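Counted the way our numbering counts, the sequence shown spans residues 15 to 333.
Encoded as structure tokens, the structure appears first; notes follow it.
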Amino acid sequence: MFPIDHDLPWLWLGTWSLGGESFGPHDGREALATLESALEAGIRCFDTAGFYAHGRSEQLLSKVISQQKRQNIFIASKGGLSWQGKNVIHCTNREALRQSLFNSLERLKTDYLDLYQLHWPDPQTPIETSLETLQALQEEGLILRWGVCNFSVEQIQTYLPSGGLIPHQVHHNPLHRADDILAAGKANQRCLNCITSPLEQGLLGTGKSAQGLSVLGKRDARRRNPHFHSEQTKIELARFVAQIKKTPLPQVSAVFLELLSSPLVDVVISGARTRKQLAEVLAHQEWLRVWDINLEKPEDKLVLAAKLREVRQLKGVRR
């Protein structure tokens, strides 16, 4: 699927929260140790962006990947968002995307990216222009592949070619479903669907942020997430957690296994700020081993889905 040989091609580590900005108290040494632990666990694909923590997420990542053979690491970054004072602006014209890429290359201390993505469509720039710029950067050898994030069904069908298998980052999880977008991407092999925010920024996890809005600091980015304010989300979350408690599955593992069982999902991009959180994410692998499931085999997704149904039925859980 992606030009890299390693044990966990379906699991990437996202770095937004590792940069030390907008996600509560930060421990730089723990963030670095988390990245190192990810490498030790077999993760080789890392997703970042120049926008994340004003570039500090990329800088932190560079400290870890500089100790590895470059060809063994898959680096995905993004352009199209930038800071103007305290405001976030969209800017995906040719000059802005090129400069954003060069800035990322400098921070990451590499001369190419495996994947460079349009972070968000820009209302002020035609999408065709942005995609042409990405294609030009690929032709120059500065990026090996290009991708997109946060496209609508209409944008997928209009701008992404059939058979293109364009990496597309989609916000999708049990609290924020985007099945229509995933299906549009799979139709005619337009996209490789890469899931972002699988735990809805911690709401679906077991840590402090699962308690919701009341535990977030005033500057926490998650305050802008509607799910932290929604009464309906609270109801859905309580129902979801109650169902999982009737099974032997750990909560975080249940979320990841559910996502990975879908034929619409190719990759799950997980955020983890600490080694403890990373261990929770990686725990789903033990269930894959127990059930002898290899997610590189499409037919094994069906086996995984059947195993999950069996677990729910054995414990009297209904979906």
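From the three backbone atoms N, C-alpha and C, an ideal C-beta is built for every residue, glycine too.
Bear in mind that the values here come from a model prediction, so they are computed numbers and not experimental data.
How many angstroms separate the CA atom of residue i from the CA atom of residue j?
i	j	result
residue 125	residue 218	37 angstroms
residue 17	residue 41	In this predicted model, residue 17 has a pLDDT of only 48, less than 50, meaning its place in the structure is not dependable; the value taken from the coordinates is given anyway. Going by the C-alpha atoms only, they are around 33 angstroms apart.
residue 267	residue 109	42 angstroms
residue 145	residue 161	9 angstroms
residue 101	residue 328	51 angstroms
residue 264	residue 317	19 angstroms
residue 74	residue 86	18 angstroms
residue 119	residue 131	14 angstroms
residue 334	residue 181	This structure leaves residue 334 out entirely; the chain is present only between 15 and 333.
residue 153	residue 225	47 angstroms
residue 175	residue 277	20 angstroms
residue 30	residue 60	11 angstroms
For residue i, collect the residues of the same chain with a Cβ closer than 6 angstroms to its Cβ; drop the 5 residues on either side in sequence, then sort them by chain order.
i	result
residue 332	In this prediction, residue 332 has a pLDDT of 40, which is less than 50 and means its spatial position is unreliable; nothing more can be read from the coordinates.
residue 147	108, 111
residue 314	307, 308
residue 254	188
residue 122	72, 76
residue 28	61, 283, 285
Ends of the beta strand (DSSP E) at residue i?
i	result
residue 34	Here residue 34 belongs to no beta strand (DSSP E), and DSSP marks it neither H nor E.
residue 92	88-93
residue 135	That residue, residue 135, is in no beta strand (DSSP E); it is neither H nor E in DSSP.
residue 160	160-163
residue 281	281-285
In the DSSP assignment, find the alpha helix (DSSP H) that holds residue i and state where it starts and stops.
i	result
residue 114	108-122
residue 256	245-259
residue 79	70-79
residue 270	265-274
residue 103	Element bounds for residue 103: not the alpha helix (DSSP H) but the beta strand (DSSP E), 101-104.
residue 229	Segment: none, residue 229 is in no alpha helix (DSSP H) and carries neither H nor E.
residue 334	Outside the displayed range of the chain (15 to 333) lies residue 334, so it cannot be described from this structure.
Below 7 angstroms CB to CB, which residues in the same chain sit around residue i once its five sequence neighbours on both sides are set aside?
i	result
residue 282	24, 25, 209, 212, 270, 273, 274
residue 149	160
residue 167	194, 195, 198
residue 324	none
residue 235	36, 37
residue 241	189, 190, 214, 217, 247
residue 33	66, 67, 70, 71, 74
On a Cα-Cα basis, can you pick out the residue from the options that is closest to residue i?
i	options	result
residue 216	295, 193, 166, 203	295
residue 301	262, 130, 132	262
residue 243	85, 291, 227	227
residue 247	191, 164, 286, 232	191
residue 135	122, 128, 234, 92	92
residue 117	277, 82, 71	71
residue 185	239, 312, 297, 143	239
Please classify residue i as buried or exposed, where buried requires at least 16 neighbouring CB atoms within 10 angstroms.
i	result
residue 63	buried
residue 204	buried
residue 56	exposed
residue 245	exposed
residue 39	exposed
residue 284	buried
residue 231	exposed
residue 177	exposed
residue 80	exposed
Suppose the cutoff is 8 angstroms on Cβ atoms and the five residues either side in sequence are ignored; what does the same chain contact list for residue i look like?
i	result
residue 78	46, 49, 50, 53
residue 97	65, 68, 103
residue 157	115, 126, 127, 128, 129, 130, 148, 151
residue 289	44, 47, 48, 51
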